[in-house]
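Quick mapping for you: the protein sequence lines, in order, are chains D and R. For the first sequence, my numbering gives the first residue as 2, with consecutive numbering after it. For the second sequence, my numbering gives the first residue as 598, with consecutive numbering after it. Note that beta-carbon positions come from the ideal geometry of N, C-alpha and C, so glycine has one too.
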Amino acid sequence: MASDRTAFLTQMVEISTSTISFGERLSNLVHLLARHLKVDLALYFGLDKSKEVLGLQVSSQGPVPVSGRLEFRLGQGVVGEAAATRQIRLAYRYQEGVVAANAGLERLLPEYETLAAFPVADDNFLYGVLLLADHRERTFGPAERQTIHLVTLMLAGTVRQALLQEDSKKRIAELSVLFEVGKALSATMELDELLERVVSTTAKVISARGAGLHIVDRATGQTKVSSQYGQVPPAQLCPIMPVPAPGGALEPPFIQGQTQDAEGRTHYYLIVPLTFKGHLEGSLCVFDKITPEGEFQPFDPENRQLLFTMAGLIVNALENALTYQQVESLAERNERMVRNLTALQEISRALLTTVNRDRLLEILLQGLIHPQGLGFDRAVVLMVDEAGQTLHGVKGAQRPPEEAAELTLSEALARPPGRPLPVADWQIPLRPDCGSLALAVLQQRAFHIHQRETGTPAALDAQEYFITPLVVKDRAIGVILVDNQDSGRPLEPEPLHVLQMLATQAALVLENARLYSAIEANNRELMLIRERMLESDRLAALSSLASGMAHEIRNPLVSIGGFARRIGKLVEKDSPLRGYVEVIQEEVSRLEKLLKEILDFTGENLSYFGDHDLDQIIEDTLVLVQRDLDAHNIKVVKELAPLPRLHCDDRQLKQVFYNLFTNARQAMSQGGTLTIRTYPVEREDGLYAAAEVSDTGGGIPLEVLHNIFNPFFSTKDYGTGLGLSIAQRIVSRHYGQIEVKNELGKGVTFIVTLPIAKYCLVKDAGRQAAPAGALHVPTGGR
Amino acid sequence: MRILMVTPEANPFARSGGLAEVISALSHSLVRRGHQVAVVLPLYRQVRESGHPLTFTGKSLPIPLSFKTLTAEIFETRLPSGVQFYFIGQDALYHREGLYGTAYGDFEDNAERFIFFSRAVVEMMEALELELEVCHCHEWQSGLVPVYCRTLYRERPRLQRLPIVYTVHNVGFQGIFSAFDLPLTGLGWELLSPKALEFFGRINLMKGGLVFADLLSTVSNKYREEILTPEQGFGLEGVFQERAQDLFGILVGVDYERWDPARDPFLPASYTPEDLSGKSRCKEALLKQFGLTLSPEAPLLGLTTRLYERKGIDLLEAILPELFGLGVGLVLQGTGEERHQYLLQEQALKFPGRFGLSLEFSEALAHQIIAGSDIFLMPSRYEPCGLDQLYCLRYGTIPVVRATGGLEETIQAYHPETGEGSGFTFRDYTPEAFLGAIRQALALYEDRPAWQALMRRNMALDFSWERVAPQYEDLYRLAQDKRRQALGG
């Protein structure tokens, strides 16, 4: 027997010190005891956390089913009595009330006779009760009692260890949650995500059905942040709790309680305050702690402690996050300011690159609407018309939808706005009763309009817009109007501030441009007058010189010619002198021809004016040069429109076209196309007939272009240099104009414009020559 | 294909049950079919004592476990069969008697042990830069491998594109631990939800595998159907139903190189369907080994089992007195719960010369019992697949099984009229039904020619791995497709 007992105790010690899990240790101890004592049934009842109920945890019969657990309240049945008194309780079936008090045990061991309950406790705590049941009536001797006592001590030790272990696991879990939350809190400043995480982990660790968090601004009572997770009662959401007075109670205040829902189910809640240093206050709350069976139960002090810790963490992190938010917004503002100033500088620089008003307006509008500029949706510039005392639209632009991605500001400034806004019909009288646009000019101040006014142009459909005057030297020369109608964004104060800075400069450059263009116009007029005077002076001098010389030369030449012809008749056909005489005759006739041209130029010959058809004149002239053109492989293209007849000298006009055709032929020595077009032209002073003569001879070199109408200027070896100047003279004598369009590398087009019939008869003695301005001769790159 | 098997046990290094055999045989036959297979398991004391030389790979991986960090030392070895083995070494966790517990029960720190194992395996795949095409995880002990790959480590490209197949060999063991063990995993608390690891307020590692693996499988079609029901799903039936599309049943195979009476080195005599005389000598040797006084003609019943109620040991205990009343002998080898050990020991004392009991496990004895018995008993409460009944078929030992799971799928009831069927079955989990089936078997045993015809037919049946391995190949390919789809083509 003794060795049997030793073996049993050895095994007991082996089990209670083994590394197997707590439940299996307990179960092994109970099984072993049952077998050793040869009792039918051994059960272990554990005291639950409420310290009021003992629940069956281990049975020597095998696994304990989870559902329908056997339970005894403290003091109920032998199990409850043993727990309440911490004394061994023995009961026998024959004793009164035993069957009734221990009804639950009947199910496990029907017809039991003996029940023996032993408290499982150490020096300090009671953990549960060991119950032995047998179908025989039996007692337990001192040796057996001692054995049982030893086993209950081992059970107590095992349970205590298990509780400690569970407790430390829980602590570690809590710590790891706090650690994780802390890490998350410090890793991210994304408040929303953070808070969501805080409430969900809070709920999970406390195994609550829901959790919520609420923070308000103490001064305004406004909700700053709020977050919830799981099942939160709809009606009540984290009431804000009063801040505890410093140095008050040891434990911070909390609210704990329970409510009943419509179905009579009890709900529990626990709320702790969030105490901030600054102007915020809030609370953190959990709802309905759930057991693994899905029951609701109240929160215990440990839960409260964890919640306090969590609250402390949140407060710190939140304060940090809010500070961070402030710093961030400050940095953002700075960044915006720098960006605005950079944009402003870039626009200013672009404005200084030109004095052309149209370009200036384009730059200004691009700067206003570009996303990297001031970024308004639409912008319009209106200028004051001092004479009419009105404000009229000059230029407007609208931000193209996709511009942002494509162009940088500096690229955009270099080109016109993509979507112009038609504003030419905006006309606002400058009277105080004509709305803010007029007032902005009259009072020279900006207006921020939030409600569309009557009297504004119909195209201005925005509700909110901003008007700033363009003021130079105490005079408003116009206004700039901007809005964000397309995107519906409000107008922020910062870009508006920058706009006003830009307006000052814009006004200045626009005024400069106006002054510059006025000076330039004056200057150009003076230049023209001077050029025309020089031209007529020179022509007059040349004419008198040439005609004088021609007269002097003509008489001797007639004599030379006459005698040469006479000599020619006298010289024999085969005489060697014959060749000389013929040379003299040819040279004389060449000189006569030259003389005639000079006299034509100087105008000292008679005119034969009549009514003639321009197309016919051209056709007649073309016949004269046709052979020459064919010989040089030149194709002729004619586009002749029927025209009214001209009052003109047909011989002289034939001369004009003859000269032009000859020039064209000479320009196309390698062949080409000669194009002749006629068409009517309507001008302010009446109807004209135009004739265009184009060649494909490569154009006139720029360095000689300005000389082509000058007399005696020739690029050819055998030219008199009078062809074009004669043509010009003849045309201007007919009150017409001759223009040249030069396309380098392609060819030249001469356009002859002649007034039609009735106007030709009106002669103006003052107009000796065609205005030089009519000659659109390029002056070369400026 | 390059395949990694993640398993808590594998022959010939560490064995507690059939899983070890399944892993090594499956790996071996996949290698024979031209695949590269590596197996990873913990470096238990049994592995060190197995006599195979281990090489340290030089990789020591720090694995965080809540607030502490333990080092996983990776060892390796390659078997002559061509299967590569890796071992996760951490002596504080694995250098113990027993794989999962002692005779008294499971280790209290099993959560820590196999959370560590799963995470170390994932880290190992990265550290050794294993270019795997499939990862095949087995049982709850590796359930966190898919969870880690799809959550904590999902940013790693190697792990992200790795298809994972998860095989459940027994839903009765799920690795359920306290929710407070979650910090050990390093996973976020958001996974403590019924959609992931949470299981009635606790964490369930098998559930993690079921939720996060690409494809799931179990070890027989019958068992696959059973675990979709509350009776056999052990609370996971909902998860199985949800993933029924991805859940496949593939019967395990038999390694006939180790289990063939014609060449079994553990037997005193070999035999074939043509010459059964060797089996009688095996029986005689077995009787002698256990000191049984049974006549050689009397029927000998055998079991190699584990002493748990799920194996139907309580059913056997209930019929023992009646059984011996039928004039039979019984040999039983098994380890397991103490109270059953005591009960059986008491019974063995009551029937000396008739009841041979060995409360240990030896592979040699397992072969000898299966060869030497006439009838083999498997009264399991449930049986995902079961291997012993398949061995018995090859050894000409007629199985008496409960019609459940893999047993129902592989053993058809014998019809005396047609002679069809391979064994004797019963459905109700009662001692009477069990005894009834045994009586049927004993009745046929009296008809020697019919009995021997049945033996010979059974011995010719083929349950080899060669028939099974291609099905796993298909499963792996399906998992690869599924993974590709999940990653968007």
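* **Beta bridge counterpart(s) of residue 742 of chain D as assigned by DSSP** => In the DSSP output, where bridge partners are listed per residue, residue 742 of chain D has D/750.
* Asked: Nearest CA to the CA of residue 1049 of chain R: which residue from R/1019, R/1060, R/678, R/1025?
  -> Residue R/1019 is the option with its Cα nearest to residue 1049 of chain R.
* Along the chain, which unbroken stretches of the beta strand (DSSP E) at least 3 residues long are found entirely within the region 728-792 of chain R? -> 731-735, 761-765, 773-775, all fully within the region 728-792 of chain R.
* Against chain D: residues of the region 699-710 of chain R by CB proximity under 8 Å -> Residues of the region 699-710 of chain R with a Cβ closer than 8 Å to any Cβ of chain D, in chain order: 699, 701, 702, 703, 704, 705, 706, 707.
* Asked: Going by beta carbon distance, what residues of the same chain come within less than 7 Å of residue 513 of chain D, once the five residues before and after it are set aside?
  -> For residue 513 of chain D, the CB contacts under 7 Å within the same chain, skipping 5 residues up- and downstream, are 356 in chain order.
* Whole-Å CB distance - residue 904 of chain R paired with residue 938 of chain R, under 8 Å assumed -> Going by Cβ atoms, the distance from residue 904 of chain R to residue 938 of chain R rounds to 6 Å, so yes, they are a contact pair.
* **Length-filtered (4 minimum) alpha helix (DSSP H) runs lying within the region 1036-1080 of chain R** => Qualifying alpha helix (DSSP H) stretches, in chain order: 1045-1057.
* Asked: Count the other CB atoms within 10 Å of the CB of residue 780 of chain R; is the residue buried (16 or more) or exposed (fewer)?
  -> Buried, because 16 or more other Cβ atoms sit within 10 Å of the Cβ of residue 780 of chain R.
* Compute the Euclidean distance between the alpha carbons of residue 804 of chain R and residue 699 of chain R, then round it to the nearest angstrom. => Going from the Cα of residue 804 of chain R to the Cα of residue 699 of chain R covers about 25 Å.
* To do: Write down the C-beta distance between residue 970 of chain R and residue 1058 of chain R rounded to the nearest angstrom, noting that I regard them as a contact closer than 8 Å.
  => Actually they do not touch by this definition, with Cβ atoms about 18 Å apart.
* Asked: Taking Cβ positions only, does residue 907 of chain R come closer than 8 Å to chain C?
  -> No chain C is present in this structure, whose protein chains are D and R.
* Consider the Cβ of residue 798 of chain R: report whether some Cβ of chain D lies at a distance smaller than 8 Å. => Judged by the 8 Å Cβ criterion, residue 798 of chain R is in contact with chain D.
* **Rounded straight-line distance, which links the Cα of residue 117 of chain D to that of residue 10 of chain D** => In this structure, the straight-line span from the alpha carbon of residue 10 of chain D to that of residue 117 of chain D is close to 21 Å.
* Asked: Are the C-beta atoms of residue 74 of chain D and some chain R residue less than 8 Å apart?
  -> Cβ-Cβ to chain R under 8 Å: no for residue 74 of chain D.
* **Whether residue 47 of chain D touches residue 58 of chain D by CB criterion (8 Å)** => Closer than 8 Å, so yes.
* Asked: Which residues bound the beta strand (DSSP E) around residue 708 of chain D?
  -> Residue 708 of chain D -> no beta strand (DSSP E), and no H or E assigned at all.
* Span separating the alpha-carbon of residue 1 of chain D from that of residue 617 of chain R -> There is no way to answer for residue 1 of chain D, as the model of chain D reaches only from 2 to 783.
* Any idea what DSSP makes of residue 683 of chain D, helix, strand or coil? -> Three-state DSSP puts residue 683 of chain D in a strand.
* Asked: To which residues of the same chain is residue 480 of chain D closer than 8 Å at the C-beta, ignoring the five residues directly before and after it?
  -> If we look at residue 480 of chain D and ignore the five residues flanking it on each side, its Cβ neighbours are 382, 383, 392, 438, 441, 442, 468, 469, 470, 471.
* To do: Using beta-carbon positions only, say whether residue 751 of chain D and residue 694 of chain D come within less than 8 Å of one another.
  => Contact: yes.
* To do: Report back the beta-carbon spacing between residue 829 of chain R and residue 768 of chain R to the nearest angstrom; my notes put them in contact at under 8 Å.
  => About 7 Å; that satisfies the 8 Å criterion.
* Asked: So, does the CB of residue 918 of chain R fall closer than 8 Å to a CB anywhere in chain D?
  -> Residue 918 of chain R is outside the set of residues whose beta carbon lies under 8 Å from a beta carbon in chain D.
* Asked: Is there contact between the region 700-719 of chain R and the region 10-27 of chain D, where contact requires at least three CB pairs shorter than 8 Å?
  -> Output reads yes: the region 10-27 of chain D touches the region 700-719 of chain R.
* **Cα-Cα separation, residue 271 of chain D to residue 52 of chain D** => So the alpha carbons of these two residues sit roughly 22 Å apart.
* Asked: Which whole-angstrom value describes the C-beta separation of residue 783 of chain R and residue 661 of chain R, a residue pair presumed to lie in contact below a C-beta threshold of 8 Å?
  -> Indeed they touch by this definition, with Cβ atoms about 6 Å apart.
* Asked: Who are the Cβ neighbours of residue 746 of chain R in its own chain at under 7 Å, not counting the five residues just before and after it?
  -> So the qualifying residues of the chain are 719, 756, 759, 761.
* To do: Taking 8 Å as the threshold, find out whether the region 487-499 of chain D comes into contact with the region 334-344 of chain D through three or more Cβ pairs.
  => Of all C-beta pairs linking the region 487-499 of chain D to the region 334-344 of chain D, three or more are shorter than 8 Å, placing the two stretches in contact.
* To do: Tell me, please, whether the CB atom of residue 278 of chain D is closer than 8 Å to any CB atom in chain R?
  => Interface with chain R (8 Å Cβ-Cβ cutoff): residue 278 of chain D is excluded.
* Asked: Using 8 Å as the Cβ pair cut-off and three pairs as the minimum, do the region 728-739 of chain R and the region 600-610 of chain R touch?
  -> Output reads yes: the region 600-610 of chain R touches the region 728-739 of chain R.
* **Of the listed residues R/880, R/607, R/927, R/739, nearest to residue 810 of chain R (C-alpha basis)** => Comparing Cα-Cα distances from residue 810 of chain R to each of R/880, R/607, R/927, R/739, the minimum goes to R/739.
* Over the uninterrupted alpha helix (DSSP H) stretch that includes residue 820 of chain R, give me the two end residues. => Segment 818-823, the alpha helix (DSSP H) holding residue 820 of chain R.
* Between the Cα of residue 741 of chain D and those of D/734, D/735, D/696, D/757, spot the shortest distance and give me the residue it belongs to. => Nearest option by C-alpha distance: D/696.
* Run down chain R in chain order and give the residues with a C-beta less than 9 Å from the C-beta of residue 26 of chain D. => Neighbours of residue 26 of chain D in chain R, taken as residues at a C-beta separation under 9 Å, are given in chain order as 701, 702, 705.
* Using three-state DSSP, classify residue 539 of chain D as helix, strand or coil. => Residue state, collapsed to three classes: helix.
* To do: Would you check if the region 669-687 of chain R and the region 628-638 of chain R touch, i.e. whether three or more CB-CB distances between them fall below 8 Å?
  => In this structure the region 628-638 of chain R lies against the region 669-687 of chain R, because at least three pairs of beta carbons, one per stretch, are closer than 8 Å.
* If you check the beta carbons only, do residue 654 of chain R and residue 725 of chain R fall under 8 Å apart? -> Against a cut-off of 8 Å, the Cβ pair of residue 725 of chain R and residue 654 of chain R comes out as a contact.
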